[in-house]
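Just so we're aligned, residue 156 is where the sequence shown starts under my numbering, counting upward by one. Even for Gly, the Cβ is constructed at its ideal location relative to N, Cα and C. Quick caveat: nothing in here was measured; it's all calculated off a predicted structure.
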Amino acid sequence: MTVKSIAKRLSEMGITLPEPAAPVASYVATVEHGGLLHISGQLPFIDGEIVKGRLGESVTLDDGIAAARACGIMILAQANAALGSLERVERVVKLGGFVNSTGDFTDQPKVVNGASDLMMAVFGDIGRHARSAVGVPVLPLGAAVEVDAILAVRPA
């Protein structure tokens with residue numbers, strides 16, 4: 156996959172990468188080491204606002220899926236900024252999904268599919284990845300979802 160085809164695919168999907176979000180505490184957004192790009196947990200920004208709330212309570216399943224997709228878009232923005240081009244991505248290795256959810260909500264995997272499906276749509280076969288999807292009682296800034304990523308990358 157080339158940067159031109161990735162850019163074209165994003166455009167066809169109606170996705171414009173936002174400015175990468177700045178860290179909200181004492182950490183960096185990305186670390187590239189040993190052929191891997193580790194991307195810190197990204198929150199769901201839609202129309203410039205964080206999607207807040209809890210699945211199983213104030214956030215619907217569809218809104219949770221959209222929030223996870225928004226996290227995925229921010230992962231792409233962070234990767235693009237860190238690497239200079241998404242063309243350097245060799246493989247999406249792993250996504251970690253955290254879903255702010257009630258104790259009886261059990262569809263965390265469906266929620267995190269919002270980010271997973273995005274990676275496969277953007278990168279094709281190299282977008283297939285290992286993953287975790289866990290429920291948590293609260294997330295930073297009241298976010299509904301948070302997703303982090305590990306990408307295998309080509310040297311600059």
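Beta carbon of residue i nearer than 8 Å to that of residue j
i: Gly219; j: Ala299; result: yes
i: Arg286; j: Leu238; result: no
i: Ala236; j: Pro175; result: yes
i: Ser256; j: Arg309; result: no
i: Asp303; j: Ile194; result: yes
DSSP state of residue i mapped onto helix, strand, coil
i: Leu238; result: helix
i: Leu198; result: coil
i: Gly219; result: helix
i: Phe278; result: helix
i: Val293; result: coil
i: Gly252; result: strand
i: Ser181; result: coil
i: Arg246; result: strand
i: Ile161; result: helix
i: Arg309; result: coil
i: Asp259; result: coil
Whole-angstrom C-beta distance between residue j and residue i, which should lie under 8 Å
i: Leu191; j: Ala234; result: Not quite, the Cβ-Cβ distance comes to about 11 Å (not below 8 Å), so this is no contact.
i: Leu306; j: Arg246; result: 7 Å
i: Val206; j: Ala222; result: 4 Å
i: Leu296; j: Leu216; result: Between Leu216 and Leu296 the Cβ distance is about 21 Å, and since that is not below 8 Å, they are no contact.
i: His284; j: Val254; result: Rounded, the Cβ-Cβ distance is 17 Å, inconsistent with contact.
i: Gly227; j: Ala270; result: 4 Å
i: Leu172; j: Leu231; result: 6 Å
Per DSSP, the bridge partner or partners of residue i
i: Lys207; result: Ala298
i: Val214; result: Leu210
i: Arg286; result: Leu250
Please confirm if the stretch 251-260 is in contact with the stretch 161-180, defined as three or more CB-CB distances below 8 Å between the two stretches. Segment contact: the stretch 251-260 against the stretch 161-180, fewer than three CB-CB distances shorter than 8 Å; contact not assigned.
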